[in-house]
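Numbering (my numbering), first residue to last: 343 to 459. First comes the structure, then the notes that go with it.
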């Protein structure tokens with residue numbers, strides 16, 4: 343697990359000090375975890391997975407993806423792919439992004455009407 347902690351820190355682009363600061367740990371504690379000098383406590387494992395949205399199974403075993411993906415992440419990725427493939431949709435989304443909450447609510451209702459047809 344120690345090498346995966348290091349892999350995560352590097353993937354995040356953080357020094358041991360920065361990584362430790364995000365977790366409330368010292369650089370020395372991070373060094374000891376990465377080098378295998380100390381075993382990770384369950385509470386620290388949970389802290390790492392929640393702070394960095396890391397897949398606990400990956401952190402423990404190396405199996406699966408490094409990061410967890412919520413439904414929001416998947417929806418965002420799907421929308422970005424659709425926008426990337428369709429210039430007209432990209433322009434429409436840019437216009438949507440400039441609407442205020444009341445205008446967005448009206449547009450949502452309008453879109454729901456189109457979807458029912």
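The beta-carbon is built from N, C-alpha and C at its ideal position, and this holds for glycine as well.
Self-check item: Endpoints, the alpha helix (DSSP H) within which residue 386 is located
Solution: 384-394
**Item:** Rounded straight-line distance, which links the Cα of residue 449 to that of residue 372
**Value:** 49 Å
**Study point:** Opening and closing residue of the alpha helix (DSSP H) in which residue 373 lies
**Key:** Unbroken alpha helix (DSSP H) run through residue 373: 369-377.
(Q) I want to know whether the region 361-368 touches the region 424-441 - three or more CB-CB distances under 8 Å. (A) no
Let's test the definition: count the other Cβ atoms within 10 Å of the Cβ of residue 351 and tell me whether it reaches 16, buried, or not, exposed. Under this definition residue 351 is a buried residue.
In chain order, what residues of the same chain have a beta carbon less than 6 Å from the beta carbon of residue 398, not counting five sequence neighbours either side?
391
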